[in-house]
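*Asks:* When we follow the numbering used here, the leftmost residue of the sequence shown carries the number 4, and every step to the right adds one.
Cβ atoms here follow ideal geometry from the backbone N, Cα and C, with glycine treated the same way.
Could you have a look at this structure, given as structure tokens, before my questions?
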Amino acid sequence: MPVVAQMVSNISRLDDIHVSVFRQALTGILATDVAELTFAQIIDGLPTKDSFLESKPWQEGHLIFELNHVALCPGALEKTRGSSEAFDPAALTFPLPLLASFQETSQGTKQFQLKLIELLWYGCHKHSVYEEWRDQPRDKTKPRVFCAPAVFFHKRYLDFDQYPNGIADIVGHWAEAKIFGGVVVFDRGESGTEQFGALIEFLTGTQDLQKPYPIPIHATNRNRWRYDPNDAITRFNIFRDRYERKPRHRLPHQRNPVVNSAMNWPELEDRMWLVWQQYDHLRDNPPPEQADIDAAHERLKQITPSSPCWASQREP
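Below, the structure written as structure tokens:
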């Protein structure tokens, strides 16, 4: 699916208030330890072994492990810090429709905050050694090694043939996931506000670098509203760009069993706990507190149509 080139411009299109908020927010993000380490790895040319293993399994024969790349090369971090200090947000370009829609919002509104986050993603989104290793002939007697188009990659965002910037956008998705905790997509439905509020306060307030940063945002029991990645783009129109991923056509029961885990769907743990309580009396265990049972039932209501528990939780 080829992508039509977009008209772009820089933040000079915005008024002083919008420019000031964007500059402050982007500066705050780039000052975080996670952003510094992320861009240092890109400058270094390879992710560290620990960084690679955060989201991908160990692979025998992969370049990261062949080189035993456990730390940044000398000077990579210092070079990153120097680049950050000299960086001017005005050098970034953005799609004109995004700049226009941000300009139309009023400071302090939810739409202003959402457009600011979208603009910041573009700001953070914008390696020959790996390519040589990737393209070399393989020994077919050894286990197959997955060779992504770029050494920095997010496993769900590999469709570079339909990205505006090709393989560079694969690296951008990886950096975004490291800094924000995942690739940022947008829907305009209701959601919890506590975590969103903490993020906005960090982006638009006075950054106190002693406080814990609200990024990256990782999946925990506090973030209970989950969508299957395929459902999100094919059924519920949750995405940033239509071209970001090619839909995988499969039925819900065809999901990888690992995906249907309590880590991805915390409601599965609640459902299993409630089932076990029905049989605990057979083992002479004390009955659970009614408040705990009620709380588990309430959490089971915090699910989306993608959830494995959806069918059993719907009202008759």
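Distance check for ALA178 and SER86, CA to CA, integer angstroms please.
*Replies:* Within the sequence shown, residue 86 is the residue found at index 83, counting from 1. Within the sequence shown, residue 178 is the residue found at index 175, counting from 1. Spanning the two alpha carbons is a distance of roughly 16 angstroms.
*Asks:* With distances taken Cα to Cα, identify the nearest neighbour of CYS127 among ALA28, PRO100, CYS76 and GLN106.
*Replies:* By 1-based counting over the sequence shown, the position of residue 127 is 124. For CYS127, the nearest C-alpha among the options comes from ALA28.
*Asks:* Just to check my reading of the structure: ALA43 and LEU99 have Cβ atoms closer than 8 angstroms, yes? What is that Cβ distance to the nearest angstrom?
*Replies:* Within the sequence shown, the letter at position 40 stands for residue 43. Within the sequence shown, the letter at position 96 stands for residue 99. Contact doesn't hold; Cβ gap of about 32 angstroms is too wide.
*Asks:* Check whether the Cβ atoms of LEU276 and ALA294 sit closer than 9 angstroms, and answer yes or no.
*Replies:* In the sequence shown, the residue the question calls residue 276 occupies position 273. In the sequence shown, the residue the question calls residue 294 occupies position 291. According to the sequence as given, residue 276 is Trp; it is not Leu. No, the Cβ-Cβ distance between TRP276 and ALA294 is not below 9 angstroms.
*Asks:* Does the structure place the region 224-232 close enough to the region 306-315 that three or more beta carbon pairs sit under 8 angstroms?
*Replies:* Taking 8 angstroms as the limit for Cβ pairs, the verdict is that the region 224-232 does touch the region 306-315.
*Asks:* Taking all protein chains shown into account, do 16 or more other C-beta atoms lie within 10 angstroms of the C-beta of GLU57, making it buried, or fewer, making it exposed?
*Replies:* Within the sequence shown, numbered from 1, the residue matching residue 57 stands at position 54. Its Cβ having fewer than 16 others within 10 Å, GLU57 is exposed.
*Asks:* Taking only three categories from DSSP, how would you classify SER310?
*Replies:* The sequence position of residue 310 within the sequence shown is 307, counting from 1. Coil at SER310, not helix or strand.
*Asks:* Please report how far the alpha carbon of LEU75 lies from the alpha carbon of GLN114, in whole angstroms.
*Replies:* Your numbering for residue 75 matches position 72 in the sequence shown. Your numbering for residue 114 matches position 111 in the sequence shown. Going by the C-alpha atoms only, they are around 39 angstroms apart.
*Asks:* Considering only C-alpha positions, which residue in the set TRP313, ARG302, VAL24 and ASP19 is nearest to GLY111?
*Replies:* Here residue 111 refers to the residue found at position 108 when the sequence shown is read from its first residue. The option with the nearest alpha carbon to GLY111 is VAL24.
*Asks:* Can you find at least 3 beta carbon pairs, one from the region 154-173 and one from the region 52-67, that sit closer than 8 angstroms?
*Replies:* The answer is yes - the region 52-67 touches the region 154-173, with three or more Cβ pairs under 8 angstroms.
*Asks:* Label HIS72 either buried or exposed according to how many other C-beta atoms from any shown protein chain fall within 10 Å of its C-beta, with 16 as the threshold for buried.
*Replies:* Within the sequence shown, the letter at position 69 stands for residue 72. By the neighbour-count rule (16 or more Cβ atoms within 10 Å), HIS72 is buried.
*Asks:* Just checking: is the beta-carbon of ILE296 within a distance shorter than 9 angstroms of some beta-carbon in chain D?
*Replies:* Going by chain labels, chain D is absent from the structure shown, which holds only one protein chain.
*Asks:* When DSSP builds the beta bridges, which residues end up paired with PHE68?
*Replies:* By one-based count along the sequence shown, residue 68 stands at place 65. None, per the DSSP bridge assignment.
*Asks:* Cutting at 8 angstroms between CB atoms, please list the residues of its own chain near LYS118, excluding the five before and the five after it.
*Replies:* Indexing the sequence shown from 1 puts residue 118 at position 115. LEU101, SER104, PHE105 and THR108.
*Asks:* What did DSSP end up calling PHE90 once you bin it into helix, strand or coil?
*Replies:* As a position in the sequence shown, residue 90 is number 87, starting the count at 1. Coil, per DSSP.
*Asks:* Candidates GLU69, HIS65, ASP47 and GLY64: which alpha carbon is nearest THR83's?
*Replies:* Taking the sequence shown and counting its residues from 1, the one referred to as residue 83 is at position 80. For the residues GLU69, HIS65, ASP47 and GLY64, the minimum Cα distance to THR83 belongs to ASP47.
*Asks:* Let me know if THR41 comes out buried or exposed under the rule of 16 or more other beta-carbons within 10 Å of its beta-carbon.
*Replies:* Within the sequence shown, the letter at position 38 stands for residue 41. Counting Cβ neighbours within 10 Å, THR41 comes out buried, since at least 16 surround it.
*Asks:* Do you know how far the Cα of ILE296 is from the Cα of ASP172?
*Replies:* The residue you call residue 172 lines up with position 169 of the sequence shown. The residue you call residue 296 lines up with position 293 of the sequence shown. Distance between the alpha carbons of ASP172 and ILE296: 46 angstroms.
*Asks:* Is SER315 helix, strand or coil when you go by DSSP?
*Replies:* Walking along the sequence shown from the start, residue 315 turns up at place 312. SER315 falls in the helix class under three-state DSSP.
*Asks:* So what does SER12 bridge to, in DSSP terms?
*Replies:* Along the sequence shown, read from residue 1 onward, the residue named residue 12 stands at position 9. Per DSSP, PHE97.
*Asks:* From ASP162, CYS312, ILE220 and ALA201, pick the residue whose C-alpha is nearest to that of GLU247; which is it?
*Replies:* Here residue 247 corresponds to residue number 244 of the sequence shown, with the count starting at 1. Here the closest residue by C-alpha is ASP162.
*Asks:* Using beta-carbon positions only, say whether PHE90 and LEU33 come within less than 9 angstroms of one another.
*Replies:* Here residue 90 refers to the residue found at position 87 when the sequence shown is read from its first residue. Here residue 33 refers to the residue found at position 30 when the sequence shown is read from its first residue. Yes, the pair counts as a contact, with Cβ atoms nearer than the cut-off.
*Asks:* Please go through the same chain and pick out, in chain order, the residues whose beta-carbon is closer than 8 angstroms to the beta-carbon of ILE218, but skip the five residues on each side of it.
*Replies:* As a first step, residue 218 must be located in the sequence shown, where it is residue number 215. Taken in chain order, the residues that qualify are ILE32, THR35, VAL37, ILE182, PHE183, GLY184, LEU202 and PHE205.
*Asks:* Could you spell out where the alpha helix (DSSP H) holding ARG274 opens and where it closes?
*Replies:* By 1-based counting over the sequence shown, the position of residue 274 is 271. Element bounds for ARG274: 270-280.
*Asks:* At the level of alpha carbons, what is the spacing between ASN288 and HIS21?
*Replies:* If you number the sequence shown from 1, residue 288 lands on position 285. If you number the sequence shown from 1, residue 21 lands on position 18. Looking at the two C-alpha atoms, the distance is approximately 60 angstroms.
*Asks:* If we count the other Cβ atoms within 10 Å of its Cβ and call it buried at 16 or more, is ASP53 buried or exposed?
*Replies:* Taking the sequence shown and counting its residues from 1, one reaches residue 53 at position 50. Classification of ASP53: exposed, given that the 10 Å Cβ count is below 16.
*Asks:* Closer than 6 angstroms by C-beta to GLU193: which residues in its own chain qualify, once you throw out the five before and the five after it? Chain order, please.
*Replies:* To locate residue 193, count along the sequence shown from 1; it is residue 190. Residue confidence is low: GLU193 scores 42 on pLDDT, short of 50, so the model does not pin down where it sits. Its coordinate-derived value is still stated next. Taken in chain order, the list of residues that qualify is empty.
*Asks:* Helix, strand or coil, according to DSSP, for PHE105 in the structure here?
*Replies:* Counting from one through the sequence shown, the residue named residue 105 turns up at place 102. Helix, per DSSP.
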